[in-house]
Amino acid sequence: MTRASARRRAARGRRPLILLLPAVCGLAFLLLPLAGLLLRAPWRNMPDRLFSAEVGQALRLSLVCASLATVVCLVLGIPLAWLLARGEVPGLGFVRALVTVPLVLPPVVGGVALLLVLGRRGIFGRHLYEWFGVSLPFTTAGVVVAEAFVAMPFLVISVEGALRGADPRYEEAAATLGASRWLTFRRVTLPSVMPGVIAGAVLCWARALGEFGATITFAGNFPGKTTTMPLAVYLALETDPEDAIVLSLVLLFVSVVVLAALRDRWTRGAV
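Residues 990 to 1260 (the numbering used here) are what the sequence shown spells out, left to right.
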């Protein structure tokens, strides 16, 4: 054993034991509700409830809307992340702060903001309805818009971090060989940051799948049309709590899978 490793082990041994009790209490505070969900789950009739018409309808709608919202975030979020990482625009720090606002904004407030802008009487929504007959609120498309609004910052932050960590020499080499900016971005920059894009897309999809506040405010709660899994959980608590538990378990399973898939990325970032 080297002296450095011996010193590190000795330093670990000097950690205050007084922190152990609140740490265990904090862990129990986070895990006990999840354990209660597992203990109260109707495991015997789980398949029947999972494939019931109501649960299946909400599950399919949630998967479709979350996937479409992720596509919207990829199309808009990757260029936005590139602008934040490589752009030389005045006030870029302020723009970055605005991009992250949905992370801390209460989702219900985000839904109200979407109504004021894209509603039938909103700033832009009124023109969409008058000129094209398009009304986004209380539609499946409105669900996609609400989920994309809330989830996009997760993608932008992840891709921006990957772009800042990418080696610019490869892009410079491509430029010296005569590649255009678009070709360099498509064939050099984007492949080099693909792990960050994938991680951001997974986080974005998971966040969209669990969105509640902005969805119910902007898109309403119409079964088969806008009732996603979180909304179905809210409704089922009043009528059939076991269905609410089943839907909650599905969302819990998705969250665990996302965390497991991104564990290596977070571990590398913490080292």
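A virtual CB, placed ideally from N, CA and C, is assigned to each residue, including glycine.
For Gly-1150, the enclosing alpha helix (DSSP H) stretches over residues 1129-1154. Secondary structure within the region 1059-1109: the alpha helix (DSSP H) runs of 4 or more consecutive residues, fully enclosed, are 1081-1088, 1090-1093 and 1096-1107 (chain order).
Ser-1244 carries a helical assignment under DSSP once its states are collapsed to helix, strand and coil. Approximately 7 Å separates the beta-carbon atoms of Leu-1023 and Leu-1241; this is inside 8 Å, confirming the contact. Annotated as proximal: Ala-1055 and Leu-1198, with beta-carbon spacing under 8 Å. Excluding residues up to 5 positions away in sequence, Glu-1149, Leu-1152 and Arg-1153 lie with their Cβ nearer than 7 Å to the Cβ of Ala-1074 in the same chain.
Bounds of the alpha helix (DSSP H) holding Trp-1120 are 1114-1121.
A direct Cα-to-Cα measurement between Gly-1111 and Ala-1102 gives close to 9 Å.
Pairing Arg-1109 with Asn-1034, the inter-Cα distance amounts to about 44 Å. In terms of Cβ geometry, Glu-1136 and Ala-1070 do not form a close pair [threshold 8 Å].
Taking a C-beta distance under 8 Å as the contact criterion, Val-1243 and Ala-1233 do not qualify as a contact pair. Inter-residue distance for Ser-1124 and Thr-1165 is about 49 Å (C-alpha atoms, whole angstroms). Counting along the chain, Val-1191 sits inside the alpha helix (DSSP H) bounded by residues 1183-1198.
8 Å or more divides the Cβ of Ser-1041 from the Cβ of Met-1218. Here Phe-1018 is exposed. Its C-beta has fewer than 16 other C-beta atoms within 10 Å. Sequence-distant Cβ neighbours of Arg-1038 in its own chain, meaning closer than 8 Å and more than five residues away, are Pro-1031, Val-1044, Glu-1231, Asp-1232 and Val-1235. Asp-1232 sits in a helix when the DSSP states are folded into three classes.
By the neighbour-count criterion, in which a residue is buried when 16 or more other Cβ atoms sit within 10 angstroms of its Cβ, Arg-1049 is exposed. DSSP places Arg-1170 inside the alpha helix (DSSP H), whose first and last residues are 1170-1173. In this structure, the straight-line span from the alpha carbon of Asp-1229 to that of Leu-1006 is close to 45 Å.
Straight-line measurement puts the Cα of Gly-1185 at about 37 Å from the Cα of His-1116. Per the C-alpha coordinates, the member of Glu-1200, Ala-1188 and Leu-1105 positioned closest to Pro-1126 is Leu-1105. Taking each of Phe-1138, Leu-1026 and Thr-1215 in turn and checking the Cα distance to Gly-1066, the smallest one comes out for Phe-1138. Annotated three-state conformation of Pro-1157 is coil, per DSSP. Under the DSSP assignment, Thr-1206 falls in the alpha helix (DSSP H) whose first and last residues are 1202-1207.
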